[in-house]
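S.K.:
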Amino acid sequence: MLRVAKFGGTSLANGAQIKKVIGIIKKDPCRRAIVVSAPGKRHPRDQKITDLLLRISDHNHTRNDLHEIGYVDMITVRFEEIVKELGLEIDIKQIFGDILEKVSKLGPLLAREYLASRGEYLNAIIIAKALGFEFIDADEFIHLDEKGRYDQKRTANAAQKIGLVEKVEKGIVVPGFYGIDAQENIRTFPRGGSDITGAIVSAVLHADMYENWTDKPGVLMTDPSIVPDARTISQMNYSELRELTYMGANVFQDEAVFPVRELDIPINVRDTNNPGHPGTLIVAKSNDEPNNLCPITGIAGRKNFTVISMSRALMNQEIGFVRRVCSIMEEEGVSFEHMPTSIDSLSIIISGDQFAGKETLPSRIDQEMRPDGLVTQHGISLICVVGRAMVHIPGIAGRVFGALGQAKINVKIINQGSSETNIIIGVSDSDFENATRVIYNEFVV
Ligand code: ADP
Ligand code: ASP
Ligand code: MG
């Protein structure tokens with residue numbers, strides 16, 4: 131039995147937290163492959179080590195002497211405090227000196243990713259020593275392709291070459307968040323990417339379980355900053371996790387589900403500060419059927435979308451209309467999230483990041499497609515209500531709209547996926563939190 135245990139930055143923010151983590155690992159001999167993040171925030175106004183490293187990189191373009199910048203000292207002091215609290219002897223200044231030496235030889239883009247990865251690197255060295263496990267650097271086996279995506283084949287080959295399976299017997303610690311590209315440069319995953327490393331290590335080792343330890347008792351039914359006492363989702367399936375995390379539940383990086391889903395490895399999201407809590411179990415097919423008392427699994431959402439809506443009489447009969455709209459989007463290099471349609475109308479929902487710098491897109495569509503009407507709305511939030519039970523239990527959409535109507539919240543967009551396991555609604559950004567609370571209260575009694 132092998133459990134891969136990934137610990138997030140909040141679980142490793144200081145020596146006291148790391149001691150808790152060591153206690154959790156030592157309690158179960160199955161926890162022999164450990165993946166760690168960089169130290170996160172110790173309190174709400176604190177800074178994550180990764181953010182401090184990125185600040186050094188911001189300055190790197192203009193200054194030669196990296197030591198001039200206070201961030202270097204802030205980072206070394208934090209790691210030195212951790213080392214001291216754990217009673218270890220590691221020369222952090224020496225290691226960080228070597229890091230800065232290497233940074234000065236890299237171009238700005240590679241230097242940025244290399245620097246960003248060093249929080250995980252240092253933390254893994256420290257935690258391996260504290261546990262008496264072997265430190266295995268991610269650059270020894272995690273390969274990324276030219277687009278920065280996980281290269282499954284090369285990773286599996288490299289893992290075999292270094293004898294990863296054998297090394298696990300005595301315990302290993304792997305830094306999260308990065309790997310190596312074909313040119314042997316250190317490349318990072320998207321933010322929150324240590325979750326991806328945890329999933330890759332689980333897949334490579336064919337683990338029995340991927341434990342993901344964080345600062346909340348599992349994946350909660352909605353964002354706890356909106357509903358502070360939101361319930362834990364006890365079980366769900368991989369698609370529900372993907373939908374919730376993609377739509378905003380950032381407790382788990384949304385791409386991290388893929389390596390484990392392929393091999394049917396269950397994920398267990400757990401709370402480092404409450405290790406007795408079972409957390410959330412994510413499996414291929416959940417046998418914990420949601421009931422009529424709470425027929426939904428969870429609610430997630432994101433702000434700042436732009437919606438371009440166009441209408442034209444008999445659009446439904448016009449062959450190639452959608453294709454031409456898509457070609458314009460492709461030429462402009464803009465990807466869209468959703469494209470809800472009705473008989474004579476079509477909307478394109480674009481995230482704020484994608485729309486930035488593409489402000490002329492609506493007028494181009496207007497000129498080339500000549501719709502009867504075209505309206506662009508900014509500042510739209512998408513809220514996704516997710517639940518595998520929706521297919522069987524009628525009336526869920528009606529309850530969502532009824533509750534929002536009673537709260538006088540104007541629904542601007544409605545989109546139901548063909549899988550019928552989610553309903554997506556669009557509201558103004560100013561209504562986002564309230565609408566989330568209203569939907570939560572409608573279903574959770
Ligand atoms: P870690 O450092 O363990 O990787 P993150 O900060 O990435 O932790 O994710 C945990 C945070 O995600 C929580 O503290 C919480 O604020 C936020 N969060 C957002 N949505 C949810 C949700 N549905 N369930 C749990 N936490 C959520
Ligand atoms: N340290 C990285 C970040 O802050 C990766 C992670 O924590 O998962 O995004
Ligand atoms: Mg995280």
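So the sequence shown is numbered by our numbering: it starts at 131 and just counts up by one.
We treat Cβ as the ideally placed atom computed from N, Cα and C, and that holds for glycine.
Note that the coordinates shown come from a computational prediction; the quantities given were computed from them, not determined experimentally.
Let me know the secondary structure DSSP gives G428 once reduced to three states.
M.R.: For the purposes of this step, residue 428 is taken as residue 298 along the sequence shown, with counting starting at 1. In this structure, G428 counts as strand in the three-state DSSP scheme.
S.K.: Is it a yes or a no for the stretch 320–332 touching the stretch 143–152, going by three-plus beta-carbon pairs under 8 Å?
M.R.: As far as the Cβ criterion goes, the stretch 320–332 does not touch the stretch 143–152, which means the pair count is below three.
S.K.: Is G409 close to the ligand MG? I mean its beta-carbon at under 7 Å from any heavy atom of the ligand.
M.R.: As a working mapping, residue 409 is identified with position 279 in the sequence shown. G409 Cβ: outside cutoff for every heavy atom of the ligand MG.
S.K.: Smallest Cα separation from V515: which of V505, R529, G309?
M.R.: Taking the sequence shown and counting its residues from 1, the one referred to as residue 515 is at position 385. Residue R529 is the option with its Cα nearest to V515.
S.K.: Counting only the same chain and skipping the five closest in sequence on each side, list residues whose C-beta sits under 7 Å from that of I179.
M.R.: Reading the sequence shown from its first residue, position 49 is the one you call residue 179. The answer, listed in chain order, is A168, P169, I205, R208, G249.
S.K.: How close, in whole Å, do the beta carbons of S441 and G503 come, if the pair is a contact with beta carbons under 8 Å?
M.R.: Along the sequence shown, read from residue 1 onward, the residue named residue 441 stands at position 311. Along the sequence shown, read from residue 1 onward, the residue named residue 503 stands at position 373. Between G503 and S441 the Cβ distance is about 5 Å, and since that is below 8 Å, they are a contact.
S.K.: Strictly closer than 6 Å from CB to any heavy atom of the ligand ADP: give me those residues in the order they appear in the chain.
M.R.: Going along the chain, the residues that qualify are G138, G139, T140, S141, S167, G170, G322, T344, D345, K346, V349, L350, T352, D353, P354, S355, A379, N380, V381.
S.K.: Would you say D401 touches the ligand MG, meaning its beta carbon is less than 7 Å from a heavy atom?
M.R.: Residue numbering aside, residue 401 sits at position 271 when the sequence shown is read from its first letter. Checking every heavy atom of the ligand MG against the Cβ of D401, none is found closer than 7 Å.
S.K.: Measuring CB atoms only, is the stretch 218–233 touching the stretch 290–304, in the sense that at least three cross pairs come out at less than 8 Å?
M.R.: Because the criterion of three Cβ pairs below 8 Å is not met, the stretch 218–233 and the stretch 290–304 do not touch.
S.K.: Give the range of the alpha helix (DSSP H) segment to which L213 is assigned.
M.R.: The count along the sequence shown starts at 1 and reaches residue 213 at position 83. Sequence inspection shows Val at residue 213; the Leu mentioned does not correspond to that position. It spans 200–215 - the alpha helix (DSSP H) in which V213 sits, taken as one unbroken run.
S.K.: Would DSSP call L239 helix, strand or coil?
M.R.: Indexing the sequence shown from 1 puts residue 239 at position 109. Residue state, collapsed to three classes: helix.
S.K.: Identify the continuous beta strand (DSSP E) that holds L504 and give its terminal residues.
M.R.: As a first step, residue 504 is located in the sequence shown; it is residue number 374 there, counting from the start. Segment 503–516, the beta strand (DSSP E) holding L504.
S.K.: Considering only the beta carbon of each residue, do T327 and A268 sit closer than 8 Å?
M.R.: In the sequence shown, counting from the first residue as 1, residue 327 sits at position 197. In the sequence shown, counting from the first residue as 1, residue 268 sits at position 138. Cβ atoms of T327 and A268: closer than 8 Å.
S.K.: On the premise that I310 lies in contact with L274, defined as a C-beta separation below 8 Å, what is that separation, rounded to the nearest angstrom?
M.R.: In the sequence shown, the residue the question calls residue 274 occupies position 144. In the sequence shown, the residue the question calls residue 310 occupies position 180. That pair is a contact at about 7 Å.
S.K.: I need the boundaries of the alpha helix (DSSP H) containing D483, first residue and last residue.
M.R.: Here residue 483 refers to the residue found at position 353 of the sequence shown. Note, D483: alpha helix (DSSP H), 482–485.
S.K.: Determine the direct distance from the alpha carbon of T318 to that of Y308, and round the result to whole angstroms.
M.R.: Counting from one through the sequence shown, the residue named residue 308 turns up at place 178. Counting from one through the sequence shown, the residue named residue 318 turns up at place 188. The alpha-carbon atoms of Y308 and T318 are separated by roughly 4 Å.
S.K.: For M469, which of helix, strand or coil comes out of DSSP?
M.R.: To locate residue 469, count along the sequence shown from 1; it is residue 339. Coil.
S.K.: Is there a Cβ from chain C that is less than 8 Å from the Cβ of A288?
M.R.: This model lacks chain C altogether, as it is built from one protein chain only.
S.K.: Within its chain, find whatever has a CB closer than 6 Å to the CB of K488; leave out the 5 residues flanking it on each side and keep chain order.
M.R.: In the sequence shown, residue 488 corresponds to position 358, counting from 1. Once the five neighbours on either side are set aside, the close Cβ partners of K488 are E462, V464.
S.K.: Is any heavy atom in the ligand MG found nearer than 7 Å to the beta carbon of D325?
M.R.: Taking the first residue of the sequence shown as 1, we reach residue 325 at position 195. True, at least one ligand heavy atom lies under 7 Å from that Cβ.
S.K.: Could you say if the stretch 235–247 and the stretch 156–166 meet the contact criterion of at least three C-beta pairs nearer than 8 Å?
M.R.: Too few Cβ pairs lie closer than 8 Å, so no.
S.K.: Please report the straight-line C-alpha distance between Q97 and S355, rounded to a whole angstrom.
M.R.: Since the first residue shown for the chain is 131 and the last is 575, residue 97 is missing from the structure and cannot be characterised.
S.K.: Taking only the alpha-carbon atoms, compute the straight-line gap between T490 and I438 and give it to the nearest angstrom.
M.R.: Residue numbering aside, residue 490 sits at position 360 when the sequence shown is read from its first letter. Residue numbering aside, residue 438 sits at position 308 when the sequence shown is read from its first letter. The straight-line gap from Cα to Cα measures roughly 12 Å.
S.K.: Check whether the stretch 442–461 touches the stretch 530–542, taking contact to mean three or more Cβ pairs, one atom from each stretch, closer than 8 Å.
M.R.: Short answer: they don't touch.
S.K.: Rounded C-beta distance between I510 and S558? I'm assuming under 8 Å.
M.R.: Here residue 510 refers to the residue found at position 380 of the sequence shown. Here residue 558 refers to the residue found at position 428 of the sequence shown. Yes, I510 and S558 are in contact; Cβ-Cβ is about 7 Å, under 8 Å.
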